[in-house]
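In our numbering, the protein residues as written are 136 to 980.
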């Protein structure tokens, strides 16, 4: 598993706690145990020393194998734990020096004060039932909890953000797209108390909202347009992606959203959309490699589904329990394989058995249009094939007629048989066709061809034309069949496969048998009324049950991270012992409990963005930045770089060329030559899409896992080989080079330049102001305008002098150029547009 270091925020929290009167076990003590002690005294029985478990109260407070008691409440002298962490002898001190861990004085002080205060012990906070805490004070609950924490820290909230910046922030957060100048002006002119709420409601109702929300969900689902393993064969799963967008836009309740994706195929009388939804776990990577071991890869697929389910809904690193009991969390290897049993009976094989097509089980989704098109293609092909067959019969019929004609002629004029050649023909023709030898038949046919050459040539030309037509119509029929999309779905085998604990995680070493069940640390579902084993539908319903402590917490935390840059629990994928303590635990539980009322996604998002906490100015003083560099205390508004897809969408939208087409197949944007190499293993060549397809949203970019669109990778998009709960955010020179030179950004700059010249006014100042507002929503400051103007004049001089360079620059991309444009002027404005699209403020919200 990934080891989580003791983070800066945790240290700040520790330091703050050291001066406080009361020590909190979950906040202060459990992290110390987890990071420093659980390796030898935690859940993993194989690694445990002295039969001491510091993750369980009964063990920590009971006598160890050596006879000592680790923790004696209220008594430092009798607590072996305190003696060991303060021991001067390297042979006695804990953690042992060989572990390369050493407790800090503040941590030792916390342990001492905890014991002195009676060593109060509570279960791990994330596994406790979700209960809605009382809201301190009045007003928006989010603001109440945040301001209560700020008051304890001696801080005050920031004032509200400037309105132009605020509408840009919320537009990018809820749709991934910037507001238009018109939308910004309408908001600035609206003085009603609910002006901002009207903006939020409009954004949440926009089809772009579903597209924006789909991007992080596709990361979790490890969505791709290819199989992943071996030669990374092509697949079709865009219909499932379309289902996700539609579900978000329809504001499908999250419990239903969960159930349909995990077990839509098992619902009574499952509809086509519900079956499509079940494709969530068919996004797993598969292989068609000839020499693979079927059982090995089938095991890989199931393990991945367990891990993805754990990360997406439980927020736990369950993958650690594949080979042994979890080292930090109370998840046993048996727990892992009990969840494994839920996914062990999917009707699939380890070798998916196909290439450039979906492996079974899949669902063909035919529209009336595609069905009609295929029927017509089949009818046209059948008619052409029949016509060809008739023409193919003509030579035989013509030969038969020729033979009869020649024999009749000889009967009427016997003297014509005096010639040797005619005598030979007559001798052969008098032999019935069915009794001729092959040689005799060939000679007759030769005589026939010589006699009727012109007629046969005409028939051959007719047949060739029909052959070509049949070939064309065969391809049309094949294309019509391929145009009817399919999507992979889940389906159960008639007889479930038996499941076993895999010894050390090895696919071919079965240990004890297991049946589908929930992890023992979490609430259990009662047995089914029909006495049958639990299935995926039971699992899905359990995940969104009112008793389940994790799903609602994990989900609202993920959306908080989406809007604020960092989750209330920073480790969005780890709510276990190695995860971080929540910055605002009461707020997290309040949000989780409130979300469970109706599982209303858009209501939850609206609640967050309507808060004064979200609407704060993002400006921050150096002092506050030094004290809270990650804004965990939320003393100012959020500001974060956009995801790769939204940086691209933002540039196209600012340029005025974004294609808003919703849904549909993935498209292939321009990318470096050779990115998809043609070789015997893959056999694929990259064919760039054409026309408006090139300007669709980044959500729809073709996602080949082995060679993801290069600019997305540079901007920290995952490969989607595995589930990803939160993307990394790096800052590298390569990212700047992409934004300056990638064809899509250069072309967006040209589109933006053309838009500026067409819409920005008659003079340079008006155009520069228009451009600034289009990119950043706010008007430029005088100094900013002056810098832009100097840049424009420099670029005008450069390109008027070097018209060849101007022509080359404005020729990048497929976008048509306006007639009669001055290429030097367009190139100069392109350079200015490129600067605007590359500003840090442009690519952040």
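Where is the CB? At the ideal position from N, CA and C, for every residue including glycine. Since the model is a prediction, treat every value here as computed from it, not as a measurement.
Beta carbon of residue i nearer than 8 Å to that of residue j
i: residue 222; j: residue 201; result: no
i: residue 716; j: residue 358; result: no
i: residue 415; j: residue 435; result: no
i: residue 378; j: residue 412; result: yes
i: residue 282; j: residue 292; result: yes
i: residue 583; j: residue 534; result: yes
i: residue 660; j: residue 476; result: no
i: residue 256; j: residue 158; result: no
i: residue 215; j: residue 203; result: yes
i: residue 626; j: residue 482; result: yes
i: residue 306; j: residue 338; result: yes
i: residue 422; j: residue 491; result: no
i: residue 374; j: residue 245; result: no
i: residue 206; j: residue 254; result: yes
i: residue 675; j: residue 443; result: no
i: residue 689; j: residue 450; result: yes
i: residue 794; j: residue 632; result: no
i: residue 604; j: residue 519; result: yes
Reduced DSSP category for residue i - H, G, I as helix; E, B as strand; rest coil
i: residue 171; result: helix
i: residue 310; result: helix
i: residue 645; result: strand
i: residue 410; result: helix
i: residue 939; result: helix
i: residue 978; result: coil
i: residue 814; result: Caution applies to residue 814, whose pLDDT of 49 falls short of 50 and renders its modelled position unreliable; the model cannot decide the point.
i: residue 636; result: strand
i: residue 266; result: coil
i: residue 198; result: strand
i: residue 499; result: strand
i: residue 970; result: helix
i: residue 160; result: helix
i: residue 843; result: coil
i: residue 363; result: strand
i: residue 393; result: helix
i: residue 785; result: helix
Environment of residue i [buried if 16+ CB atoms lie within 10 Å]
i: residue 346; result: buried
i: residue 869; result: exposed
i: residue 362; result: buried
i: residue 910; result: buried
i: residue 615; result: buried
i: residue 814; result: Bear in mind that the predicted position of residue 814 carries a pLDDT of just 49, short of 50, making it too unreliable to give a figure here.
i: residue 334; result: buried
i: residue 133; result: Nothing can be reported for residue 133: it is not among the residues displayed for the chain, which extend from 136 to 980.
i: residue 874; result: buried
i: residue 915; result: buried
i: residue 316; result: exposed
i: residue 326; result: exposed
i: residue 737; result: buried
i: residue 406; result: exposed
Candidates the options, of which the one nearest residue i by Cα
i: residue 824; options: 948, 902 and 731; result: 948
i: residue 934; options: 914, 883, 733 and 962; result: 962
i: residue 722; options: 607, 269, 793 and 810; result: 269
i: residue 266; options: 793, 650 and 728; result: 728
i: residue 778; options: 850, 707, 726 and 565; result: 850
i: residue 514; options: 498, 611 and 577; result: 611
i: residue 590; options: 503, 954, 802 and 530; result: 530
i: residue 301; options: 929, 857 and 747; result: 747
i: residue 951; options: 969, 882 and 973; result: 882
i: residue 418; options: 360, 801, 309 and 453; result: 360
i: residue 308; options: 807, 929, 596 and 782; result: 782
i: residue 601; options: 527, 905 and 938; result: 527
i: residue 784; options: 176, 241, 199 and 313; result: 313
Whole-angstrom C-beta distance between residue j and residue i, which should lie under 8 Å
i: residue 461; j: residue 179; result: 7 Å
i: residue 671; j: residue 401; result: 6 Å
i: residue 810; j: residue 842; result: 5 Å
i: residue 692; j: residue 700; result: With a Cβ gap of about 13 Å, residue 692 and residue 700 do not count as contacting.
i: residue 332; j: residue 750; result: The pair is not a contact, with the Cβ atoms about 11 Å apart (cut-off 8 Å).
Short CB-CB distance (under 8 Å) between residue i and chain B
i: residue 657; result: Although the question refers to chain B, the structure presented lacks it and comprises just one protein chain.
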